[in-house]
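Student:
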Amino acid sequence: MKLESNSRTILPVIPGITLPPKRRVSVAIVAFATLLAGCSQTGARSGDGQSAATPVIHPAFPEGWAAKRERPPTVADHGMVVTNSPLASEAGVEILKKGGNAVDAAVAVGFALEVTYPFAGNIGGGGFMVIRMANGQALAVDYRETAPLAATRDMYIENGKLTQKSTVGALASGVPGSVAGMAAALAKYGTMSLHDVMQPAIRLAADGFVVDSALSHSLSSSGRLIKQFAGAAVFFPNGEAPAPGTRLRQPQLAQTLTLIADQGPSAFYSGPIADAIVAQMQHDGGIITRADLAAYKPVMREPIVGKYRGYTLYAMPPSSSGGVTTIEILNQLETWKTLPPFNSAAYKHLLAETFQRAFIDRNTKLGDPAFVTNPLAMLTDKAYAKQLTSTITPDRATPSPVFSAAAEPMHTTHYSVVDGAGNAVSTTTTLNSGYGSGVFIAGGGFFMNDEMDDFAAQPGKPNQFGLVQGEINAIQPGKRMLSAMSPTIVLDRDGKLMMVVGAAGGPTIITGVTQVILNVIDQHMSLPDAMFAPRVHGQAWPDVLTYEAGGLSQAAMDSLTAMGHNLRATNALTNVNALLRGADGRWVGVYEPRSTGAAVGY
Ligand code: GLY
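Numbering follows numbering that gives the first Met the number 0, in which position 290 of the sequence shown is assigned residue number 289; successive positions increment by one, without gaps.
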C-alpha cells in the first residue's frame, strides 16, 4: 500500500481506509490511519468561554499549508486538560473543579479514555506519567506492560519467520499496567480517592454517551479486527458499528470500573477482573496467568532531566526511550547557537541528521533497565552530543549504516493536565495498535493490548516491516518492551512551569514532541502555530526523511534531495496534545490539529 501525497488535501479528512486486521504495514500508512482514526470529532472547547481568536498563520509555513485547518486554542486561568477525547477532557476538568489537583484529574482522564476512546483505551494496556508538583517534586511513573512469565524469546517465530501473533490475538498481550500505575500515582500525589476520581468514567460507561462520527468511523475501520473477538457483541451488536448520534452504553465496563473504584487495583490484579482476564486468555489461546497479574508492579522512577538553551525538561526514562532520545536530539541542536529558519532545507537537514544519530542509539542501546544497562549518562551528555554533531556536514545527508531499527506501531494517546496551583501531569498510554490485539475481555468490557510487538520479536533479522531490532530489546519473561512514549514537562529559564506536552505515534512521538518544543523555544511560535507547523520524521532505519505533504516548499525538497535525503510524503505525522503558559500567565491548550480531541480549561 502506498500513500498518495496530496498537498491540496484539507486535513483532517476521513479516508475510506479500512485497516487490515493484520497490521504490519508501512510506517506512513500506520501513522496516517492512526491520526485520522478519530477525526471530525467535536472542535476545541473553550472551557468557560475563554477561547482565544484564531491566530494568524505563521509566515514561514509554505503556501497551501494555511488552507489546512488550524485549531483555535483554549485559554484558561486556572487549569487545563488536553486529550484526544472531548468527554475525557471534560471528566478531567470536572475533577479539577471539585478541588482535585492535576494528578486527580489525570487519573480521572485515564479511566474516562477507557470508556470514550477505546481505540487506545486503556485499562488493558500500559503507559507512562511524568508528574511535576508545584513544589518542585517530580516523579516518572512507569506502568509499561511486562512480558508474561511464560513468554519466550522466539515465541512469534515459526519456521524461521515472524508470525502476526505479536500484533493480533491473545498471545500479543503484555500484562497490563495502567490500573496499578494510575492508582500508584494517585496514592503518591493525588488528593482524592480512587473511588471519587473514577466517578466520571463510571457514569460515562453506565449511562452511555452519544457516539460521534469519529468513534463510529474508528470502530467501522477496525471492524475486521474487533469482530474476530468478544468485543463484537459490544461494538457491533447488529453487525454494524454504532451510527453517529446513537448512545453507547457499556454495562460490563461500568461494573469493572466500579469494582476497581470500590476495591482498588486488587480487583484487577487478583480479584474478579483477574479471573475474567485469565478466562479470556484461556479461551483465546493467550498465556497471561493469575501469577502474571499478581506479580505486576508499576515502577516509580526519577524523571530524566535535560537542559536546552536554559529551559529544563522533565522526561520519561527507560523503559521508554522517549526522554533520552528527545534530550539527545536537543543536545545536538543546542551546539548551533541559532537554528536556520523554520522551513528552510538547512533546518530540516539538521533535524534529519540529529534524529538519525539519536535513533541509532535509541534502537541499539536502550531497553528495560531491570534487564539491561542503559548508558543514560553518556547519551544525555552535552559533550557526546558535540561529538555526534561533529560528523554532520551542512550540505550532505549521512547515509544510515547497515542494520537494525525498531519500528513501532502507533496507536497510543497522550494527555496533558495542569491545575490552578501549577501541578502538572504529562501522560502517554497505549494499547499499541488501535484496539490493541483485538482481544476483548468479555467478563471485563475492555480491549487487551498487543504491546508484545514492541519487543524485538526476531532480533537481528528483518521483521515484517523489513526492519531489524536489537538484542537489547529481545523478549524475556517479566521484561518491559522498549517504548517511544515521551510525556514531557518543560520549565522556562526561571524554573517556572511552561509547557506540558506529549504525543501518540510510535517513533514519530519522539520527533513530533521535539519539534513542538523547538517551534516554541527556537522559532518563537504561538502554541497553535507550533502544533500546526508541518513536521518531518526520521528514525535512521529505514533511511528516509518523511514529511507531511504540502509541508515543504518545492525549493526545500529539491535542496534536501540534492543533499542525499530520501524524501517520503505522508499525510500526517504524530498526534500531539499540549498546553503552554502564555505571556499573561494564563494556560493555552491545543489538541492535535491533525486529529480529534479537546482542550478544556476553566
Ligand atoms: N506502543 C508504542 C510505544 O510504546 O512506543
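Backbone N, C-alpha and C define an ideal beta-carbon position, used for all residues, glycine too.
Remember, predicted model here, so these are calculated numbers, not experimental data.
Closest by CA to Met280, which one among Ala137, Ser172, Ala90 and Pro71?
Tutor: Selected option, being the one with the closest Cα: Ser172.
Student: Taking buried to mean at least 16 other C-beta atoms within 10 Å of its own C-beta, is Lys96 buried or exposed?
Tutor: With fewer than 16 Cβ atoms within 10 Å of its Cβ, Lys96 is classed as exposed.
Student: Are Arg534 and Leu579 touching if we call contact CB-CB under 7 Å?
Tutor: Not in contact: Arg534 and Leu579 (Cβ atoms no closer than 7 Å).
Student: Near Lys164, which residues of its chain fall below 7 Å by C-beta distance, leaving aside the five closest residues on each side in sequence?
Tutor: Once the five neighbours on either side are set aside, the close Cβ partners of Lys164 are Tyr155, Leu170 and Ala171.
Student: Since I believe Gly168 is in contact with Gly605 (beta carbons under 8 Å), could you give me their beta-carbon distance rounded to a whole number of angstroms?
Tutor: Nothing can be reported for residue 605: it is not among the residues displayed for the chain, which extend from 0 to 601.
Student: Can you give me the Cβ contacts of Arg492 inside the same chain, cut-off strictly under 7 Å, excluding the 5 residues immediately before and after it?
Tutor: Same-chain partners within the cutoff: Gly309 and Tyr310.
Student: In angstroms, rounded to a whole number, what distance separates the CA positions of Pro250 and Ala357?
Tutor: C-alpha separation (whole angstroms): 46 Å.
Student: Return no unless some Cβ of chain D is closer than 7 Å to the Cβ of Leu95.
Tutor: Looking at the structure shown, chain D is missing, and only one protein chain is on hand.
Student: Please name the residue in Met181, Leu185 and Pro72 whose C-alpha comes closest to that of Gly123.
Tutor: Nearest option by C-alpha distance: Met181.
Student: By Cβ distance below 6 Å, which residues in the same chain neighbour Ser269 in space, the five residues on each side in sequence not counted?
Tutor: For Ser269, where only same-chain residues beyond five positions count, the Cβ hits under 6 Å are Ala293.
Student: Between the C-alpha atoms of Gln227 and Ser221, what's the straight-line distance to the nearest angstrom?
Tutor: Distance between the alpha carbons of Gln227 and Ser221: 11 Å.
Student: Determine the direct distance from the alpha carbon of Met128 to that of Ser552, and round the result to whole angstroms.
Tutor: Answer to the nearest angstrom: the Cα atoms are 37 Å apart.
Student: Taking 7 Å as the cut-off, decide whether the C-beta atoms of Ser415 and Val81 are in contact.
Tutor: In this structure, Val81 lies closer than 7 Å to Ser415 by Cβ.
Student: Taking the alpha-carbon positions, what's the Pro61 to Ala532 distance?
Tutor: Spanning the two alpha carbons is a distance of roughly 10 Å.
Student: Run the proximity test for Met556: is its beta-carbon closer than 6 Å to any non-hydrogen atom belonging to the ligand GLY?
Tutor: Incorrect: Met556 has no Cβ contact closer than 6 Å to the ligand GLY.
Student: Looking at Ala146: is its Cβ nearer than 7 Å to the Cβ of Pro476?
Tutor: Yes.
Student: Sort Val599, Arg361, Met562 and Met132 by Cα distance to Glu327 and report the nearest one.
Tutor: Among Val599, Arg361, Met562 and Met132, the Cα nearest to that of Glu327 is on Arg361.
Student: Measure how close the beta-carbons of Gly91 and Thr429 come, nearest whole angstrom, since I'm counting them as under 8 Å.
Tutor: Actually they do not touch by this definition, with Cβ atoms about 19 Å apart.
Student: Decide yes or no for the touch test of the stretch 478 to 493 against the stretch 319 to 335: beta carbon pairs closer than 8 Å, at least 3 of them.
Tutor: Enough Cβ pairs lie closer than 8 Å, so yes.
Student: Bridge partners of Leu138, per DSSP?
Tutor: Ile130.
Student: Which residues in the same chain as Ala582 place their Cβ atom closer than 8 Å to its Cβ, once the five residues preceding and following it in sequence are excluded?
Tutor: Within the same chain, Ala582 has no close Cβ partners at all.
Student: Can you tell me whether Tyr313 is helix, strand or coil according to DSSP?
Tutor: Three-state result, Tyr313: strand.
Student: With contact counted as at least three CB pairs below 8 Å, one residue from each stretch, are the stretch 493 to 506 and the stretch 182 to 195 in contact?
Tutor: Not touching, per the Cβ criterion.
Student: Which one of His57, Ala75, Leu375 and Met530 has the shortest CA to CA distance from Val599?
Tutor: The candidate whose alpha carbon is nearest that of Val599 is Ala75.
Student: Between Met377 and Ala139, which are expected to be in contact by the criterion C-beta below 8 Å, what is the C-beta distance as a whole number of angstroms?
Tutor: Not confirmed; about 20 Å, so no contact.
Student: Using a Cβ-Cβ cut-off of 7 Å (strictly less than) and excluding sequence neighbours within five positions of Leu256, which residues of its own chain qualify?
Tutor: Phe110, Met197, Ala200, Ile201 and Ala204.
Student: Looking only at DSSP bridge pairs, what is Ala423 linked to?
Tutor: DSSP, once it has assigned bridges, lists Arg131 and Val417 as partnering Ala423.
Student: Excluding sequence positions up to five away, which residues of its chain have a Cβ less than 8 Å from the Cβ of Asn83?
Tutor: Gly37, Leu112, Tyr116, Ala119, Thr412, His413, Tyr414, Ala503, Asn574, Asn576, Tyr590, Glu591, Ser594, Thr595 and Gly596, listed in sequence order.
Student: CB Thr501 to CB Thr513, shorter than 7 Å?
Tutor: According to the sequence shown, residue 501 is Gly rather than Thr. No. Outside cutoff.
Student: Near Ser88, what residues of its chain come up, given a Cβ to Cβ distance below 6 Å and the 5 sequence neighbours on each side ignored?
Tutor: So the qualifying residues of the chain are Val80, Thr82, Ala597 and Val599.
Student: Identify which residue in Gly99, Glu157 and Thr560 has its Cα closest to the Cα of Ala396.
Tutor: Out of Gly99, Glu157 and Thr560, Thr560 has the C-alpha closest to the C-alpha of Ala396.
Student: Pop quiz: Tyr307 and Ile520 are said to be a contact at Cβ under 8 Å. What is the actual Cβ separation, rounded to whole angstroms?
Tutor: About 7 Å; that satisfies the 8 Å criterion.
Student: Helix, strand or coil for Val210 per DSSP?
Tutor: Correct three-state label for Val210: coil.
Student: If you run the structure through DSSP and keep just helix, strand and coil, what is Arg246?
Tutor: Residue state, collapsed to three classes: strand.
Student: Using three-state DSSP, classify Leu193 as helix, strand or coil.
Tutor: Residue state, collapsed to three classes: helix.
Student: State yes or no: is the C-beta of Asp291 within less than 7 Å of the C-beta of Leu148?
Tutor: A contact, by the Cβ cut-off of 7 Å.
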